[in-house]
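Colleague: Numbering (the numbering used here), first residue to last: 684 to 910.
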């Protein structure tokens, strides 16, 4: 399971959604079955459909309220109730049969259903299943756009190539020299960059105008390096 969890936590969606999935996996979302088991409720019934064992899996996947939404999302294996299948079982199975993008959508959909369900339980107005589907698709597309923004301007080469480049940059050496011409109040500045293979990568030479200040036989120069 260590490898599975490592892959799970590497998914590029909001951490609060991943934490939601982790809680469901370990059956610690506050559904009525867990509340009853911890003696925080007098019953274990689903507050929406009345089913007698409101587990995390029932609340998110098998409740009639959730089922209508899953049918809209077009995941066939979630389109009919399977009360014997736990939340953990659903995630493990989904991660095996679905592509990465679809598995991410399952997590986002489950998270969305949980909050819509809580709104319904508290008598608040909820969206229609079709509206929820559209919102999930729009939200996932926004996640993908943000990922693409992050990738822009960044090398798409493999990790090893990037690591080699970074190593080379760290091995560069900078040599600097300067000469002062007191009568003209000018300093000649030069810099050269060499790689670890002693190849010259860049060079610069520039005369810099300075303002000479002398005090006790010592002279300092304030340089104007922006000209």
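Beta carbons are placed, not taken as given, at the ideal position from N, Cα and C, and that holds for glycine.
Can you round the beta-carbon distance between residue 791 and residue 819 to whole angstroms, since I take them to be within the 8 angstroms contact cut?
Modeller: Within the chain shown, the letter at position 108 stands for residue 791. Within the chain shown, the letter at position 136 stands for residue 819. Contact holds; Cβ gap of about 6 angstroms.
Colleague: What is the DSSP secondary structure of residue 856, counted as helix, strand or coil?
Modeller: Looking up residue 856 in the chain shown gives position 173. Strand at residue 856.
Colleague: Does the region 789-806 come close enough to the region 744-761 that 3 or more CB-CB pairs lie under 8 angstroms?
Modeller: Taking 8 angstroms as the limit for Cβ pairs, the verdict is that the region 789-806 does touch the region 744-761.
Colleague: In whole angstroms, give me the CA-to-CA distance for residue 735 and residue 833.
Modeller: Along the chain shown, read from residue 1 onward, the residue named residue 735 stands at position 52. Along the chain shown, read from residue 1 onward, the residue named residue 833 stands at position 150. Between residue 735 and residue 833, the C-alpha separation is close to 47 angstroms.
Colleague: Buried or exposed, going by whether 16 or more other CB atoms sit within 10 Å of the CB of residue 774?
Modeller: The residue given as residue 774 occupies position 91 in the chain shown. Under this definition residue 774 is a buried residue.
Colleague: Taking the straight line between their C-alpha atoms, what separation do you get for residue 760 and residue 780?
Modeller: The residue labelled residue 760 in the question sits at position 77 within the chain shown. The residue labelled residue 780 in the question sits at position 97 within the chain shown. Roughly 10 angstroms between the two C-alpha positions.
Colleague: Just confirm the distance between the C-beta atoms of residue 748 and residue 800, as a whole number of angstroms; I'd bet it's less than 8 angstroms.
Modeller: Position 65 of the chain shown, counting from 1, holds the residue named residue 748. Position 117 of the chain shown, counting from 1, holds the residue named residue 800. Confirmed, about 6 angstroms.
Colleague: Go to residue 695, then tell me how far its alpha helix (DSSP H) extends in each direction, as first and last residue.
Modeller: Here residue 695 corresponds to residue number 12 of the chain shown, with the count starting at 1. Residue 695 -> no alpha helix (DSSP H), and no H or E assigned at all.
Colleague: Quick test of your reading: residue 710 and residue 741, contact by CB under 8 angstroms. State the CB separation rounded to the nearest angstrom.
Modeller: If you number the chain shown from 1, residue 710 lands on position 27. If you number the chain shown from 1, residue 741 lands on position 58. That belief does not hold up - the Cβ atoms of residue 710 and residue 741 are roughly 11 angstroms apart, past 8 angstroms.
Colleague: Taking buried to mean at least 16 other C-beta atoms within 10 Å of its own C-beta, is residue 739 buried or exposed?
Modeller: In the chain shown, counting from the first residue as 1, residue 739 sits at position 56. Classification of residue 739: buried, given that the 10 Å Cβ count is 16 or more.
Colleague: Nearest by alpha-carbon distance to residue 704: which of 789, 857, 725 is it?
Modeller: Along the chain shown, one-based indexing puts residue 704 at 21. Measuring from the Cα of residue 704, the nearest candidate turns out to be 789.
Colleague: Residue 770 and residue 708: beta carbons closer than 7 angstroms?
Modeller: In the chain shown, the residue the question calls residue 770 occupies position 87. In the chain shown, the residue the question calls residue 708 occupies position 25. It is a contact, given that the beta carbons lie within the stated cut-off.
Colleague: Output the boundary residues of the alpha helix (DSSP H) element that contains residue 801.
Modeller: For the purposes of this step, residue 801 is taken as residue 118 along the chain shown, with counting starting at 1. Residue 801 -> alpha helix (DSSP H) spans 783-804.
Colleague: Report the three-state DSSP secondary structure of residue 873 (helix, strand or coil).
Modeller: Here residue 873 refers to the residue found at position 190 of the chain shown. Note: residue 873 maps to strand in three-state DSSP.
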